[in-house]
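Numbers given in my numbering equal positions in the sequence shown, counted from 1, plus 1.
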Amino acid sequence: MHAADEIDAPPALKAKLRKLGFSRSDDLVLHLPIRYEDETTLTKIADARPGAPLLFEVQVLEVSIQFRPRRQLVVRAADSSGEVVLRFLNFYASQTRQFEEARDREKKLRVFGELRVGYFGPEIVHPRYRSVGENEALSRALTPIYPTTAGVSQAALRRLIARALKDADLSEYLDAAVLPKQLPAYADALRLLHAPPPDADETALQTRSHPAWRRVKFDELLAQQLSLRRAYLARRQKGAPALVSDGALAKRLLASLPFTLTAAQARVAAEIRVDLAQTFPMQRLLQGDVGSGKTIVAALAICQAVEVGYQAAFMAPTEILAAQNFLKLKAWFEPLGVKVVWLAGSQKKSEKEASRKQAAGDAQLVVGTHALIREEVDFSRLGLAIIDEQHRFGVAQRLELRKKGERSAKGTNAKDVTKDATPPHQLMMSATPIPRTLSMTYYADLDVSVLDELPPGRRPIVTKLVSDGRRGEVVERVRTAVSDGKQAYWVCPLIEESEKLQLQTALDTYATLSEEFDGLRVGLVHGRQKGDEKDAAMRAFSAGEIDVLVATTVIEVGVDVPNACLMIIEHAERFGLAQLHQLRGRVGRGTRDSVCVLLYQSPLSTAARERLKVIFENSDGFVIAREDLRLRGPGEFIGNRQSGVPMLRYANLETDAELVESARVTAEKMLHESPDRVEHHLKRWMGSREEMLLA
Ligand code: ADP
Ligand code: MG
2 MHAADEIDAP PALKAKLRKL GFSRSDDLVL HLPIRYEDET TLTKIADARP GAPLLFEVQV
62 LEVSIQFRPR RQLVVRAADS SGEVVLRFLN FYASQTRQFE EARDREKKLR VFGELRVGYF
122 GPEIVHPRYR SVGENEALSR ALTPIYPTTA GVSQAALRRL IARALKDADL SEYLDAAVLP
182 KQLPAYADAL RLLHAPPPDA DETALQTRSH PAWRRVKFDE LLAQQLSLRR AYLARRQKGA
242 PALVSDGALA KRLLASLPFT LTAAQARVAA EIRVDLAQTF PMQRLLQGDV GSGKTIVAAL
302 AICQAVEVGY QAAFMAPTEI LAAQNFLKLK AWFEPLGVKV VWLAGSQKKS EKEASRKQAA
362 GDAQLVVGTH ALIREEVDFS RLGLAIIDEQ HRFGVAQRLE LRKKGERSAK GTNAKDVTKD
422 ATPPHQLMMS ATPIPRTLSM TYYADLDVSV LDELPPGRRP IVTKLVSDGR RGEVVERVRT
482 AVSDGKQAYW VCPLIEESEK LQLQTALDTY ATLSEEFDGL RVGLVHGRQK GDEKDAAMRA
542 FSAGEIDVLV ATTVIEVGVD VPNACLMIIE HAERFGLAQL HQLRGRVGRG TRDSVCVLLY
602 QSPLSTAARE RLKVIFENSD GFVIAREDLR LRGPGEFIGN RQSGVPMLRY ANLETDAELV
662 ESARVTAEKM LHESPDRVEH HLKRWMGSRE EMLLA
């Protein structure tokens, strides 16, 4: 006997199945066909039309191996209406014997394949076939074809799945009331998908728009929502220091700024303020387009922590970015008497040691790369962790940030913190706007704030598309701009395949431009420079000591030099949409008119042409992101592993958008009303894979 959810198979096969990810009957019944073949009716050879595979029943007349044009097995066969040749270019000796036996014993064969009329008459290449007894019944359901799984044949899979359909628990966990209208019961949906009756809507099955498919997709999306929301609620159960302040420090900071907050900034700052005063950790994502002014919002949150005696950590994905933020935050905070400390991987050992001591001591704000976390910094009273440009951190790093954020707080020696791990409040910031459906699945475990307004006074950036043949004119244009006192970025072609080539390209571009811009001050910044070299270049550019900065995509995020109002991107056709948008966002930060020139090499591929058209026509990050999603699909859009999309085997975030919304609503309801069903549903869908999804 086997347990209900266990696969009923011999141990060796079971082990093989487990390797393929099938450890339970549930896993098998949720392995759904990629398509179907219709073996429910027989066609006469004379009636067959090419275009689709059909089922024939034939008698073998002659079996031969021919050698022209190459070795092949040729079987002549016939039904009452005519003859057909079955041709096998790859075959085993055993197959030859099978056909010979069928010929000798006058056994009938059912042959499935697409019939074509060739030079020698009707033929089928590599048909599927099997011998059948007299008057053997035809299949009453469409034949499922499953995604291939190494080492287990279609026939074996079909048997295993048919068995699992009997064994698995197919009971209904969802009330009709929570299901979107017209979706069938779970058991009915699965039975239909594994063995559709011949009158089922075959097109709807193939395109996966059939109600049975929609039920499966809904359930899958629901599992994803439940899992994410549950993680969210679990984190809410943990304690965190309630940062309740009267806002005096924030007021002083605001008073010192040369600008006032936009309405969007004020709204988001208020949302964060409320979160920070709670006794459970904030988990908020602040999305705001490039230049929307996220830093000041973060700074206001820092005020709230600092004012009540807690520390804040500010982390950025690259050293350039971290350094820029450090300078900005220091300039804001030091006049207010707040102690700001720098900590980065590239620091000398002694400096790092000193910074670490301060973090463990009286530092109030520590700014750095994620070395901040990797270096096992022991904060004395960490109350708030801010992660800038969080989309640039990989999944693994993000998990690490989350986990270590919790651990570093555990190591805290503050007296008033409970014994349990108390994670700090977390504010993540991202300039990658994510379309709503994607954000609902991707970020369902976070609260999301959006800065949907740019600070006033920004001049729109004019984007120009210029073919590489007119590069000379562009060089002239840069010269003119520099003589007007402006500065320019020159972005090198992107070489994704090799860091070494990328470096070489950067050096070559620098050499060429240094010659072309004879008399101008040309600088270089790239990813392989040491931290201090990079800093020196950026600082010189910031200070106006460099006219043209040759750069790789290291300047893609966050860099802020208001006087730089011209950007040239070479081989713009090689960049992705998000990259182009981010790069372009480096200009247009001051009050002068800005221009971004996209130099491209013709001829353009269709995909590249579409991308450049989108970036040329749009400046709103959300619109660009939506187009990007449309052109690439969600997997590529945020990186397959990153998106949790691999967990979605069946649902498509774009085409099934309305199911995403109902799954979200249903998840919320279930979590409140029927926690035991939540368990059942997650177990059914996730098995042991939940951790992966949450990365
Ligand atoms: P991002 O959201 O890309 O991180 P930043 O925080 O770097 O944007 O802000 C971009 C620029 O806009 C900075 O120079 C910043 O000082 C300025 N800024 C921020 N908020 C405002 C505002 N409300 N009014 C005017 N300028 C602002
Ligand atoms: Mg920023």
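Cβ coordinates follow ideal geometry from the N, Cα and C atoms, glycine included. Keep in mind the model is a prediction, meaning the values are calculated, not measured.
Item	Value
Tell me, which residues are paired with GLY84 by DSSP?	Before going on, a small fix: residue 84 reads as Glu here, not Gly. For GLU84, which the question treats as bridged, DSSP gives the partners ALA79.
Looking at the secondary structure, which residues open and close the beta strand (DSSP E) in which GLU58 lies?	55 to 67
Take THR419 and list the residues in its own chain whose beta-carbon comes closer than 8 Å to its own, dropping the five residues that flank it on each side.	Only weak support is given to the placement of THR419: the predicted model assigns it a pLDDT of 37, under 50, and the value that follows is read from those uncertain coordinates. For THR419, where only same-chain residues beyond five positions count, the Cβ hits under 8 Å are GLY240.
Would DSSP call GLY473 helix, strand or coil?	helix
Taking 6 Å as the cut-off, does the CB of SER450 come closer than this to any heavy atom belonging to the ligand HEM?	The ligand HEM is not part of the structure shown, which contains the ligand ADP and the ligand MG as its ligands.
If you run the structure through DSSP and keep just helix, strand and coil, what is PRO198?	coil
If CYS566 sits next to ASP594, beta carbons under 8 Å apart, how far is it from one beta carbon to the other, in whole angstroms?	7 Å
Give the secondary structure of MET283 by DSSP, where H, G and I count as helix, E and B as strand, and everything else as coil.	coil
Given a cut-off of 7 Å on the beta-carbon distance, is the pair VAL368 and TRP343 in contact?	yes
Straight-line CA distance for ARG50 to ARG117?	8 Å
Who does SER468 pair with in a DSSP beta bridge?	TYR601
Kindly indicate which three-state DSSP category SER409 falls into: helix, strand or coil?	Caution applies to SER409, whose pLDDT of 49 falls short of 50 and renders its modelled position unreliable; the value that the coordinates give is listed next. If DSSP states are grouped into helix, strand and coil, SER409 belongs with the helices.
With 16 other CB atoms within 10 Å as the buried threshold, where does ASN326 fall?	buried
Cα-Cα, which of SER82, LYS218, LEU227 is closest to GLU659?	LYS218
List the residues that DSSP assigns as beta-bridge partners of GLY114.	LEU55
Taking only runs of the beta strand (DSSP E) that begin and end inside the region 256 to 333, which ones reach a length of at least 3 residues, in chain order?	284 to 289, 312 to 316
Determine the closest residue to ALA734 out of ALA652, ASP677, ARG540, with distance taken between C-alpha atoms.	Look at the range of the chain in this structure, 2 to 696, and you will see that residue 734 is not part of it.
If we count the other Cβ atoms within 10 Å of its Cβ and call it buried at 16 or more, is TYR490 buried or exposed?	buried
How is the alpha helix (DSSP H) around ILE162 delimited, first residue to last?	155 to 168
LYS331: beta carbon under 6 Å from a heavy atom of the ligand MG?	no
Taking 7 Å as the limit between beta carbons, can you name the residues of its chain near VAL269, skipping five residues before and five after?	LEU287, VAL298, SER450, LEU452
Under the DSSP definition of a beta bridge, which residues are partnered with GLN427?	GLN284, ALA386
Should ASP657 go down as buried or exposed, given a rule of 16 or more other Cβ atoms within 10 Å for buried?	buried
Only counting the same chain, and skipping five residues up and downstream in sequence, which positions put a Cβ closer than 6 Å to that of LEU250?	CYS304, GLU308
Are there three or more Cβ pairs, one per stretch, closer than 8 Å when the region 254 to 269 is compared with the region 577 to 593?	no
Judging by CA-CA distance, which residue of GLN96, SER210, PHE260 is the nearest neighbour of PRO456?	PHE260
Closest Cβ-Cβ distance between PRO318 and chain D: below 7 Å?	This model lacks chain D altogether; it includes just one protein chain.
If you follow the beta strand (DSSP E) that ASP533 is in, where does it begin and where does it stop?	Note, ASP533: premise wrong, no beta strand (DSSP E); alpha helix (DSSP H) at 532 to 543.
How many Å lie between GLY346 and MET316 at the Cα?	12 Å
Return the chain-ordered list of same chain residues with a C-beta closer than 7 Å to the C-beta of ASN414, the five sequence neighbours on each side being excluded.	Bear in mind that a pLDDT of 42 at ASN414, under 50, signals an unreliable position, so the model cannot answer this.
Specify the secondary structure class of TYR443 as computed by DSSP and reduced to three states.	helix
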